[in-house]
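Residue numbers (our numbering): 3 to 82.
Heads up, the beta-carbon is just placed ideally off N, CA and C, and yes, glycines get one too.
Here the structure is a predicted model, which means the values were calculated and not measured.
I have placed the structure first, in the form of C-alpha cells, so that the comments after it can refer back to it.
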C-alpha cells in the first residue's frame, strides 16, 4: 500500500499536462493509497519528534542528577 502511494505521488509529479486536462487519470485505489501514504508519513514525523523530545528530557535529567566533582590541582600545575 505504501509503495502504491509513493508510485501515485510520482505519477502525479511526472504526468504530462495533457493527461491532467483529460479528466481523472487516478483510480480510486491510487487516491486511497496516496492519502494513506501521507498519513503514515505524517505519523512517522510526529513519532520522530516525540522520540527526540524524550531523548532530550532523558539527557537533561541525567545532567541534573550528576554532581560536579571538584578539580584537583597537582603541584606541577596539571589537572586531574
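- Counting C-beta pairs closer than 8 Å gives three or more between the region 4-11 and the region 34-54, which meets the contact rule.
- Rounded to the nearest angstrom, the gap between the Cα atoms of residue 55 and residue 44 is 17 Å.
- If you check the CB distance, residue 39 and residue 4 come in under 7 Å.
- Across the structure, residue 64 and residue 57 are spaced so that their CA atoms are roughly 11 Å apart.
- Assigned with DSSP and collapsed to three states, residue 28 falls in coil, not helix or strand.
- In the three-state DSSP reduction, residue 18 falls in the coil class, being neither helix nor strand.
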